[in-house]
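A.B. asks: Residue numbers (our numbering), protein chains in the order written: chain A, 2 to 146; chain B, 4 to 165.
#1: With DSSP collapsed to three states, give me the class of residue 94 of chain A.
#2: Using only the alpha-carbon positions, how far apart do residue 104 of chain A and residue 134 of chain B sit?
#3: In the DSSP assignment, the alpha helix (DSSP H) including residue 64 of chain B goes from what residue to what residue?
#4: Given that residue 23 of chain B touches chain A, what residues does it touch there, using C-beta distances under 7 Å?
#5: Let's test the definition: count the other Cβ atoms within 10 Å of the Cβ of residue 125 of chain B and tell me whether it reaches 16, buried, or not, exposed.
#6: Would you say the segment 60–74 of chain A touches the segment 38–45 of chain A, given that touching needs at least three Cβ pairs under 8 Å?
#7: Report the partner residues of residue 95 of chain B according to the DSSP bridge assignment.
#8: DSSP has residue 124 of chain A in a bridge; who is on the other side?
#9: On a CA-only basis, which of B/29, B/6, B/15, B/34 is nearest residue 33 of chain A? Give me that one, please.
#10: Taking the Cβ atom as the reference point for each residue, do residue 19 of chain B and residue 97 of chain B lie within a distance shorter than 8 Å?
#11: Per DSSP, which one or two residues make a beta bridge with residue 23 of chain A?
#12: Counting only C-beta atoms, is residue 73 of chain A closer than 8 Å to chain B at any point?
#13: Where does residue 14 of chain A land, buried or exposed, given buried means 16+ other C-beta within 10 angstroms?
#14: On the premise that residue 74 of chain B lies in contact with residue 25 of chain A, defined as a C-beta separation below 8 Å, what is that separation, rounded to the nearest angstrom?
#15: Just tell me which of A/37, A/22, A/11 has its CA closest to the CA of residue 132 of chain B.
#16: Assuming residue 70 of chain B is part of the beta strand (DSSP E), what are its boundary residues?
#17: Taking the alpha carbon of residue 58 of chain B as the point to measure from, which residue in A/35, A/27, A/50 has its own alpha carbon closest?
#18: By the 10 Å Cβ neighbour count, where 16 or more other Cβ atoms means buried, how is residue 51 of chain A classified, buried or exposed?
#19: With distances taken from CA atoms, which of A/60, A/49, A/126 is nearest residue 70 of chain A?
#20: With 8 Å set as the bound, which would you pick, yes or no: does the beta-carbon of residue 169 of chain A sit closer than that to a beta-carbon of chain B?
#21: Give, in chain order, every residue of the segment 47–67 of chain B whose Cβ lies closer than 8 Å to some Cβ of chain A.
#22: Where does the unbroken alpha helix (DSSP H) through residue 139 of chain A begin, and where does it stop?
#23: Given this structure, state the Cα-to-Cα distance separating residue 63 of chain B from residue 92 of chain A, to the nearest angstrom.
#24: Let me check one thing: in DSSP terms, what residues is residue 126 of chain B bridge-paired to?
#25: Taking just the CA atoms, how far does residue 154 of chain B sit from residue 87 of chain A?
#26: Taking CB distances under 8 Å as the criterion, tell me whether residue 23 of chain A reaches chain B.
#27: Between the C-alpha atoms of residue 94 of chain B and residue 144 of chain B, what's the straight-line distance to the nearest angstrom?
#28: Strictly below 7 Å CB to CB, what residues from chain A border residue 32 of chain B?
#29: How big is the Cα-Cα spacing for residue 57 of chain A and residue 136 of chain B?
#30: Taking a cut of 9 Å between CB atoms, which residues from the segment 25–36 of chain A lie near chain C?
#31: Which residues, taken in chain order from the segment 71–92 of chain B, show a beta carbon closer than 8 Å to some beta carbon of chain A?
#32: Could you tell me which residues DSSP pairs with residue 16 of chain B in its beta bridges?
#33: I'd like the list of long-range same chain contacts for residue 132 of chain A, defined as Cβ closer than 7 Å, with 5 residues on each side in sequence excluded.
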């Protein structure tokens, strides 16, 4: 599978907040075995969608010179039985960021109602050798880079 | 992809604990993107491995009539990267829970004795029949036992080459 877990960036304020979209479709390969009689979105992949998106808030703030790696998750809730067919609005906020790391929170909504949240995520930052590569990837996601 | 994130169940104490392995291979497709030219096992997939192990613990304990689905992650801490070639040892224990339809777990992931991640999460119990045929789940569970007993299961008395 392509481990790209959100589909579009709608709005980003570097270092502050981000808004994006993840659509869940029945064609996604992991739904094949999860589960044979009921296609349910695995909670950890929804978490990945939220934290992948939020990471760009930090990356854009630091001029695409660094990348984010997951260090801590706390206070996470996911819907145990989410079926495909939804468009999820993903929101993320950074509470703090510096060269070493970032801390933030994120949540997912379906038609304005919160269905999942990451109460707290901490990223470690690693230097990225080629900012243009990251810039290009952000554009790929529809980010206004 | 085959969304099966446990390769082996090594030890199980029904209702109490389970230990299994997850191998990380360069051929796994999601590593192409996580990250380009720098393959690292995504931390959330370690969480999913633990969630699946919890499922197998519930399945075995209930004679394959129940499974559990992740609902809350109290915490997940990642101490070091897991990369291709690593064999992750996943140890999961089920904690006391007052609610019968809910389970609480604590897990530790290590590679060669070095701690890589710790998790604490809650899951809800669901009937296996809603998710998968019982017989199919039993066969997958057997496949997670490794080669021991495989010949008997395949109804072969000797090895395939004997």
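The beta-carbon is built from N, C-alpha and C at its ideal position, and this holds for glycine as well. Remember, it's a predicted structure, so these values are computed and weren't measured experimentally.
C.D. replies: Reading it off the structure:
#1: Looking at residue 94 of chain A - three-state DSSP - the assignment turns out to be strand.
#2: Here the alpha carbon of residue 104 of chain A sits roughly 36 Å from the alpha carbon of residue 134 of chain B.
#3: 46–64
#4: Neighbours of residue 23 of chain B on chain A: none; closest Cβ ~17 Å, over 7 Å.
#5: buried
#6: no
#7: DSSP links residue 95 of chain B through a beta bridge to B/21, B/110.
#8: A/71, A/103
#9: B/6
#10: Yes. Within cutoff.
#11: A/89
#12: Yes, residue 73 of chain A lies at the interface with chain B (some Cβ there is under 8 Å from its Cβ).
#13: The residue is exposed, with fewer than 16 neighbouring Cβ atoms inside 10 Å.
#14: Incorrect: roughly 18 Å between the Cβ atoms, too far for contact.
#15: A/37
#16: In this chain, the beta strand (DSSP E) harbouring residue 70 of chain B covers 69–81.
#17: A/35
#18: buried
#19: Ranked by how close their Cα comes to the Cα of residue 70 of chain A, the residues A/60, A/49, A/126 have A/126 in first place.
#20: As displayed, chain A neither begins before 2 nor continues past 146, which places residue 169 of chain A out of reach and without an answer.
#21: 47, 48, 50, 51, 54
#22: 132–141
#23: So the alpha carbons of these two residues sit roughly 39 Å apart.
#24: B/73, B/106
#25: 45 Å
#26: Chain B contact via Cβ: absent.
#27: 17 Å
#28: 2
#29: When rounded, the separation of the alpha-carbon atoms in residue 57 of chain A and residue 136 of chain B is 41 Å.
#30: No chain C appears in the structure shown, which is made up of the protein chains A and B.
#31: 72, 73, 74, 75, 76, 77, 78, 79, 80, 81, 84
#32: B/20
#33: 64, 65, 66
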